[in-house]
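In terms of UniProt numbering, the sequence shown opens at residue 1 and continues consecutively.
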Amino acid sequence: MSYRSRGHGAIADHDGGGAGPWPVWHGLARRAAIVSPVRPGTESSVDLLDGGRSAHCRRTTPRAGRGVRFCRQSNGRRQRHGGDRDMNAYQLLELFGRHAVVLEVDGDKLRCKAPRGFLNDEMLQALKQHKAELIALLSGTDPAAIPRRAVGQTAVPLSFSQRQLWFLDQMEPGNAFYNVPTAVLLKGALDVPVLERALNELIMRHEILRTTFASVDGEPRQIVHPAMSLVMPGVDLRDLSPTARDAHVSVAVEQEAKAPFDLASGPLLRASLLRLADEEYLWLYSVHHIIADGWSMGVILQEVTTLYGDFLRGQASSLAPLAVQYADYACWQQQRLSDEALAGQLEFWQRTLADAPPLLDMPADRPRPIVQRYVGATFSSTVDGTTLRALNALARQTQGTLFNVLIGALSVLLWRHSGQQDLCIGTPFANRSRPEIEPLIGHFVNTQVIRQRLDPQQTFAELLRDVRATLLDVHAHQDVPFDRVVEAVNPQRETAYSPLFQVMMVLQNTPGNAAQMPGLSMTPYSTGSATAKFDLAFEWVERDGVLSLLVEYNTDLFDQTSIERLSGHYRQLLEQVALNPKQPVGALTLISDAEREQILNEWNSPAPLAQPADCVHRLIEAQVTRRQAECAIIFEGRSLSYSQLNSQANRLAHHLLTLGVGPDVRVAVCIERSLELPVAVLAVLKAGG
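What follows is the structure, encoded as C-alpha cells:
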C-alpha cells in the first residue's frame with residue numbers, strides 16, 4: 001500500500017507513509033487507541049478538587065466515573081513536558097495524548113493518571129487552570145463544541161486543507177497523484193455481499209464519502225449527496241497459473257492506484273475484489289486524499305470490519321452515532337479560524353521562518369531537474385530493540401519523546417551531509433484536537449515546519465532541549481494552514497522543489513492491535529510507490545517493540561545505494577546518541593566500522609591505477625582519422641563532423657598557446673550548452689591546459 005502525504009503543494013501527511021502496508025494499518029491502530037474507557041480499579045492518580053484549589057496524589061478505589069484514555073501517534077505535535085499559559089484545553093488534551101495520560105471525570109472532579117515525572121508543578125497549574133474546560137470537553141458539554149449545520153444545507157465551504165487539494169486538482173485534473181490506495185489480503189470464508197453491504201453502510205454513515213466538489217458562484221463547495229451506492233466488482237483469478245495470476249494482480253494493483261477520480265462527479269471511494277483461491281482474496285480500495293487522510297484510512301478499515309461482523313451475525317450496526325460530520329467541521333473551522341484569529345500565529349511564522357534557507361541542498365547522484373517530477377521509490381530498514389529501548393530512555397531523561405530524539409538526529413544527519421547548520425524539516429500534525437472529530441473520515445492533517453539551527457559544539461542532549469522548545473512553539477501556533485504559512489512567509493519559489501522544506505519526517509507509534517473480520521485473516525498488501533512529494537521523507541513506525549524506517553526518495557536525485565548509505569548513517573547516529581548523548585554534535589560519526597574499512601582499504605588499494613593508453617584529445621583525433629565526415633556533435637538542429645570539430649579546436653588551441661596556455665595551466669570555460677562548448681574543451685586539452 002502506498003500512501004503519501006500528498007504533502008503533502010506540500011500537504012504532507014505521512015499520516016501516510018511511503019510504500020508498504022504501514023499507513024492504513026497504523027492509522028487503524030491509532031484509531032483503535034484514540035478513546036477507550038478507563039477500567040476502574042486501584043491506580044495512582046491525581047485529583048483536582050472542586051475549583052481546582054488543590055492537587056494531591058491518592059489511591060482511587062473502583063467506582064463509577066467517566067474515563068477517557070488519549071493515546072495518539074507521536075508525530076511531534078506536542079513536545080513540551082510541562083504546561084504553558086498559552087496552551088488551551090484542546091492543546092492540553094493533545095499533550096496528554098502524546099504521553100499516554102489518562103483523564104477521568106467523576107462528577108465535578110478530574111482525575112489524571114500519568115507517567116512518573118509528568119505531573120510537575122507547571123503541568124499541575126495548567127490542569128487547574130483548564131479544569132472546567134477539560135471536564136466540559138470530556139463530558140460532552142463543551143460550549144464551544146462544533147455545531148451541526150442547518151438541516152438541508154448540502155453545499156458547504158471547503159476546509160482549509162481541502163482547498164489546496166481542490167486548486168491542485170483544478171490545475172491538473174485527472175491526476176492520480178492524490179489517490180490513496182489500499183490493498184488487504186483476506187484468507188478465509190469471505191461473504192462478499194456482506195462486505196459490500198458494510199461498505200455501503202459506511203458511505204451512509206459518513207457524509208464525506210458521498211460528497212463531490214464543484215464551483216458555486218466562483219467558490220469551491222463540497223456538495224453532500226443524500227445517498228450514494230457502491231458496487232464492488234470482482235475478478236476470479238483461480239483458473240490462472242501462479243505466474244499469470246501474480247502478473248494480473250500486479251497490473252490490477254497498479255491500475256487501481258493510478259485510476260483518477262473526478263471530484264465533480266464522484267464517487268471518491270471505490271473498491272474491487274480479486275479472488276486468488278477458494279478462500280483467498282485481495283481487497284482493493286482507494287479514496288481521493290481530499291476526503292480522507294491517513295488517520296481516516298484507519299477509521300475506514302476499523303469500521304468496515306466492525307460492520308462486516310455485525311451484519312454477518314444478523315445484527316444492526318453497533319457503531320455509535322457520529323456527533324458531527326466533516327461538513328460541520330468545515331463550517332465551524334471557517335468561523336473559528338478567521339483572519340483576525342490567525343493574525344498572531346501568522347506573525348509567529350513570519351518571524352520564525354524569516355530568512356530561512358530556501359533549499360536544503362543534499363548531495364545528489366544527479367542534477368536537480370528544472371521542474372519537479374515527483375517520481376520516487378522507497379527503502380526500508382529497522383533499528384534493533386536494544387537501541388530503541390535506549391532511545392526511549394533518552395527521551396524520558398530529556399523530558400521529551402522519541403520524536404524529539406529522531407528529529408534531533410535527523411537534523412545532525414542532514415547537516416553533516418549538506419553542510420547547512422540552519423535547516424527546515426516538515427512534519428504533519430493530525431489536527432484532531434477535538435473529541436468529536438476523532439472518529440470522522442476526512443482531511444484534517446496540517447503540515448508544520450520545524451526550523452533547527454545546529455551548533456557543532458553543543459552536546460546532543462543540549463540539542464534535544466532546543467528541539468523540545470522549538471516543537472512547543474510550533475505546536476502552540478499549529479492552527480494556521482500550511483498554504484497560509486507559505487503565503488505569509490513568501491519564500492523564494494521554484495519549480496524544482498517544494499517551498500520552505502524538502503525533507504519530511506513523521507513518527508507513528510501504535511499498539512499492535514489490528515482490525516479483523518470474523519473467520520478471516522487480514523494482511524496488508526503492498527501496492528508499491530513510484531512517487532515522492534519531497535526530496536526525502538523519513539517515516540518511522542514504532543510498534544510491538546520494533547522501530548522501522550521507510551525512506552521515500554526522489555529518484556530524479558538519488559539512487560537506492562545512496563539512500564541505503566544515508567539510512568545507515570542515520571541508524572549509526574542513533575546508536576551513538578543512545579549510548580552517549582553528552583557527545584558534542586560535531587564529534588558524532590556517520591560511518592560504521594564496515595564502511596570505514598571499505599573506504600580505507602577496499603577502495604584504497606595499494607596497487608597502482610591503470611593509466612589510460614593515451615590522452616583524451618589524442619583518442620578524439622584517432623576518431624577523426626577514421627570518421628572524418630561522420631557526425632560528431634548534434635545540438636538543437638546543428639551539427640559538426642569529426643573533421644569540423646577537430647579543425648575548429650585546432651584553431652582555438654593555437655590561439656590559446658599565444659595567450660600563454662600550456663601544461664598545467666588552468667583555463668576556465670564559461671559557455672552555455674552549445675556546439676561551441678565541446679570545441680572549447682577540446683581546444684584547451686590540445687593546448688595542454
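Cβ coordinates follow ideal geometry from the N, Cα and C atoms, glycine included.
Query	Result
H654, buried or exposed, once every other Cβ within 10 Å from all chains shown has been counted against 16	exposed
One or two residues paired with G188 in a DSSP bridge	L520
Sub-8 angstroms separation of I290 and Q162 beta-carbons	yes
Under 8 angstroms between C-beta atoms of V249 and Q458	no
Pair within 8 angstroms by beta-carbon distance, A227 and R210	yes
7 angstroms Cβ shell around E575 - same chain, five flanking residues per side excluded	T387
Span separating the alpha-carbon of L590 from that of H443	38 angstroms
Sufficient close CB pairs (3 or more, under 8 angstroms) joining the region 467–477 to the region 360–376	no
Residues bridged to D236 [DSSP beta-bridge criterion]	R275
Per DSSP, the bridge partner or partners of R270	S286
Euclidean distance between Cα positions of P267 and T212	7 angstroms
Whole-angstrom distance between L319 and R453, CA atom to CA atom	48 angstroms
At least three beta-carbon pairs within less than 8 angstroms, the region 519–538 to the region 173–183	yes
Proximity to A629 [Cα-Cα], best of Q623, Y642, R638	Y642
Beta strand (DSSP E) segment containing L110, residue limits	109–113
Selected residue, minimal CA-CA separation from I450, among M517, R571, F348	F348
Beta-ladder partner(s) of R638, from DSSP	F635
C-alpha gap between L124 and C112, whole angstroms	10 angstroms
One or two residues paired with W603 in a DSSP bridge	DSSP, once it has assigned bridges, lists no residue as partnering W603.
Span separating the alpha-carbon of L195 from that of E133	41 angstroms
Distance between beta carbons of Y374 and A532, contact taken as under 8 angstroms	6 angstroms
Collapsed DSSP secondary structure at C424 in the structure displayed	strand
Own chain residues within Cβ distance below 8 angstroms of G426, not counting five before or after	G7, A10, A12, T447, Q448, V449, I450, L500, F501, V503, M504, M505, F534
Residues near I407 by beta carbon distance below 7 angstroms, same chain, minus five either side	G76, I425, I450, V467, M505
Same chain only: Cβ atoms within 7 angstroms of L190, ignoring 5 sequence neighbours per side	Y281, L520
L401 in three-state terms, based on DSSP	Looking at the sequence shown, residue 401 is not Leu but Thr. Correct three-state label for T401: coil.
Assigned secondary structure, D106 (DSSP; H/G/I helix, E/B strand, else coil)	strand
Contact test: E347 Cβ vs the ligand ADP heavy atom, cutoff 7 angstroms	Only the bare structure without any ligand can be found here, which leaves the ligand ADP out of the picture.
Chain-order list of residues whose beta-carbon lies under 7 angstroms from that of G188 (same chain, five-residue window excluded)	E279, G519, L520, S521
Same chain, Cβ closer than 7 angstroms to A683, five either side skipped, listed in chain order	A649, L652, A653, L656
Beta-carbon proximity check, V224 vs E207, cutoff 8 angstroms	yes
Residues near L579 by beta carbon distance below 8 angstroms, same chain, minus five either side	A390
Test item: CB-CB of I563 and V546 under 8 angstroms	no
Cβ shell of L464 (< 7 angstroms), same chain only, five flanking positions each side left out	T398, G400, N404, V405, G408
Local Cβ density within 10 Å of C670, reported as buried at 16 or more and exposed below that	exposed
Sequence-distant residues of its chain with Cβ nearer than 7 angstroms to T306 (five each side left out)	S318, L319
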